[in-house]
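Take any residue in the sequence shown, note its place counting from 1, add 918, and you have its number in this note's numbering.
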Amino acid sequence: MAVVTLRGLDDSMKKAIKEKAKQEGTSINTVLLRILKEDLGLKKKSRMVVHTDLDHLAGTWSDKEYAEFQKRIKDFEAIDEGMWK
């Protein structure tokens, strides 16, 4: 295995790489290797895209808010029989 030193990383790049590694629960090295492999066409990109932009909302509703939401979306469960003829 070769060892490579990256020069010229500015603070924003360094921060973005660290955040990506933390987000993925992996090392900085693993993140950089994956990015290089994908960009060089050595690894196919996963077809499944994992979105994490709403993770901070998970588990934040109170029981009252959940009940209200369920009440408001009840109509979406109705089947319009006329559409299926």
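All C-beta atoms in this analysis are idealised placements derived from N, C-alpha and C, irrespective of residue type, glycine included.
What you are looking at is a predicted structure, and each value in this text was computed from that prediction instead of being measured.
Rounded separation between residue i and residue j - CA only
i      : j      : result
Ile946 : Lys989 : 45 Å
Gln941 : Asp998 : 43 Å
Ser930 : Lys992 : 46 Å
Thr944 : Thr978 : 26 Å
Ala939 : Thr948 : 8 Å
Leu927 : Ser980 : 44 Å
Asp957 : Val968 : 19 Å
His974 : Ala996 : 31 Å
Ala920 : Glu986 : 58 Å
Candidates the options, of which the one nearest residue i by Cα
i      : options                   : result
Thr923 : Thr944, Leu950 and Glu995 : Leu950
task = Note down, one range per segment and in chain order, each alpha helix (DSSP H) of at least 4 residues found wholly within the stretch 923-968.
result = Those alpha helix (DSSP H) runs which fall completely within the stretch 923-968 and span 4+ residues are 929-942 and 946-957.
key: At least three beta-carbon pairs within less than 8 Å, the stretch 926-936 to the stretch 957-966   = The stretch 926-936, when compared against the stretch 957-966, does not touch it at the 8 Å Cβ threshold.
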